[in-house]
Ligand SMILES: [Zn+2]
């Protein structure tokens, strides 16, 4: 009897505790967002970016009691030196490591579909332990396990809260890859609306978007918050420098980081007792101030070892840089780069006689780093993540000018289509309408410079990718052109070796008095002196 009353008393204690205790508390939720990452290790001689620093940051947040989730805005399997050997499996290995530290969710970017056949994607998805997200696309590889692995209208639990995610990637009409093993719906707004409705019907507490789209599309999608107040933020990829569009009552926050995790976003979400979410976001620059994670470094070391096994000569010195050569994406996609100048100059001599003009899209140059002091074989290998066959064709001055306009279209920073040039200089005004921004395009003469002659024919060297219409360049094909010939990677290697044999250093400073590219900041300025 006594025992029975003790039991009752205990039960009473438990019940009264339940009645007074608050709901199961949701630990603060923190999202760590990165995008466009191609390296297992860090960049800038190990001093910037990299997954190792992401892991350190995630572990720190976890030690503060935060429930951390890692988001990735796409472009990770390709292109890189390593991808040419392992088709992105090295990145999948790194992602799996991160996923074990904190659950990771990734949307496919256009580069996940760089390969023409499905075999490499099948292998990558099969090896993945992180989640692949996709609402406007499906894999049609024929492999049921892989095709079924892509998650749509994903929800996950964080404490007692349910988070819903929609995710979208670029359609071929906007620069995505068109593949037999991929079906993609380009109606981003329609798919987002439908997915958000599905998430709402599941009773989610918060909605977020993980995308790989152009910034302007993300900003348009952010406006869905006006009708769907639970939409908190959209994080994306494709642009390689940080992007931000602030939030309001009618618009969700939009965020993108820099390539190779040089800059990432940390987004805290905390719910009050009424279930209302507060979102606060901050940009974090990953530099030497953030330590490398010793456990991740074992994984990075493993892949470095494998790479050196394949290319024992990777760290061999092949030449000397005359000055720090800037191959960072922020430079090659925005302005004249001294490293790109050397590269494009080599293009003009690819087909025997020196061609008049050459240009390359900055996005072809994937080093994202400086080349300083010793030029290593690795610097060349990392600069060219793609096959880089060249073509020689002819264009009139008028045609060339029209073709080149594509390089200065659109708004905002860091576009992969920004041209690096040789054999001419160009001056633009971005306040003019897209495709009418070239103010002056000049070619050298014996005693200076003159405007390109509209009806004169010039020989032009471009990458095969651009010749085929890549990056929005429309090069006329109704005339003889060379077949895809010389490979730029070997041409540049040859150029460096030749300079070395002649006892010359490689590269020259960008001359502010005589630039190849000039952008007018206001209309009163003149183009060239
Ligand atoms: Zn992309």
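In this note's numbering, the protein residues as written are 761 to 1289. Just so it is clear, CB atoms sit at the ideal spot from N, CA and C, and this is done for glycine as well. Quick caveat: nothing in here was measured; it's all calculated off a predicted structure.
Practice item. Go ahead and pull the three-state DSSP assignment for residue 828. Key: strand
Review point. Which partner residues of residue 897 appear in the DSSP bridge assignment?
Key: 944
Exercise for review: Use the C-beta contact count for residue 843: other C-beta atoms within 10 angstroms, 16 or more gives buried, fewer gives exposed.
Suggested key: Flag for residue 843 reads buried.
Point to revise | Residue closest to residue 1115, alpha-carbon to alpha-carbon, out of 1094, 1145, 1151 and 1140 | key: 1151
Check your understanding: From 976, 1192 and 1037, pick the residue whose C-alpha is nearest to that of residue 1281; which is it?
Key -> It is 1192.
Check your understanding: Does the region 1207-1221 touch the region 1117-1135, meaning 3 or more C-beta pairs lie closer than 8 Å?
Key -> yes
Point to revise | Proximity to residue 914 [Cα-Cα], best of 906, 890, 900 and 959 | key: 959
Check your understanding: If you draw a straight line from the C-alpha of residue 1243 to the C-alpha of residue 922, how long is it?
Key -> 56 Å
Review point. DSSP beta-bridge partners for residue 917?
Key: 922
Practice item. Please state if the CB of residue 1019 and the CB of residue 796 are separated by a distance shorter than 8 Å. Key: yes
Point to revise | Pair within 8 Å by beta-carbon distance, residue 1165 and residue 1090 | key: no
Point to revise | Which listed residue (965, 872 and 905) has its alpha carbon closest to that of residue 931 | key: 872
Review point. Using CA coordinates, which residue listed in 1157, 1113 and 857 is at the minimum distance from residue 1058?
Key: If we check each option's Cα against that of residue 1058, 857 comes out closest.
Review point. In the region 813-857, which residue ranges form an unbroken beta strand (DSSP E) of at least 3 residues, counting only runs that do not cross its ends?
Key: 827-832
Review point. Roughly how many angstroms separate the alpha carbons of residue 847 and residue 1060, rounded to a whole number?
Key: 16 Å
Practice item. Compute the distance between the beta-carbons of residue 1248 and residue 1144, then report whether it is under 8 Å. Key: yes
**Study point:** Cα-Cα separation between residue 782 and residue 1056, rounded to whole angstroms
**Key:** With a pLDDT of only 43 at residue 782, under 50, the local geometry of the prediction cannot be trusted, and no value is derived from it.
Practice item. Starting from the N-terminal side, write out each stretch of the beta strand (DSSP E) that is 3 residues or longer and does not extend beyond the region 954-1020. Key: 966-972, 991-996, 1003-1005 and 1013-1016
**Study point:** Rounded straight-line distance, which links the Cα of residue 1127 to that of residue 812
**Key:** The straight-line gap from Cα to Cα measures roughly 19 Å.
Review point. What alpha helix (DSSP H) runs, 4 residues minimum, are completely inside the region 1101-1180?
Key: 1137-1143 and 1157-1165
Practice item. Starting from residue 1297, follow the alpha helix (DSSP H) in both directions and report where the run begins and ends. Key: Only positions 761 to 1289 of the chain appear in this structure, which leaves residue 1297 out of reach.
Practice item. With distances taken Cα to Cα, identify the nearest neighbour of residue 1141 among 996, 1156, 1092 and 1251. Key: 1251
Practice item. Output the distance between the C-alpha atoms of residue 1201 and residue 1036, rounded to the nearest integer angstrom. Key: Going from the Cα of residue 1201 to the Cα of residue 1036 covers about 56 Å.
**Study point:** 8 Å contact criterion, which residue 956 and residue 992 should meet: CB distance rounded
**Key:** That belief does not hold up - the Cβ atoms of residue 956 and residue 992 are roughly 12 Å apart, past 8 Å.
Check your understanding: Straight-line CA distance for residue 1107 to residue 1043?
Key -> 38 Å
Check your understanding: Taking any heavy atom of ligand 1 as the mark, which residues have a C-beta closer than 5 Å to it, listed down the chain?
Key -> 835, 869, 870 and 998
Review point. Going by the beta-carbon positions, is the gap between residue 1030 and residue 1228 smaller than 8 Å?
Key: Not closer than 8 Å, so no.
Check your understanding: Is it the case that the Cβ atoms of residue 979 and residue 1025 are separated by a distance below 8 Å?
Key -> no
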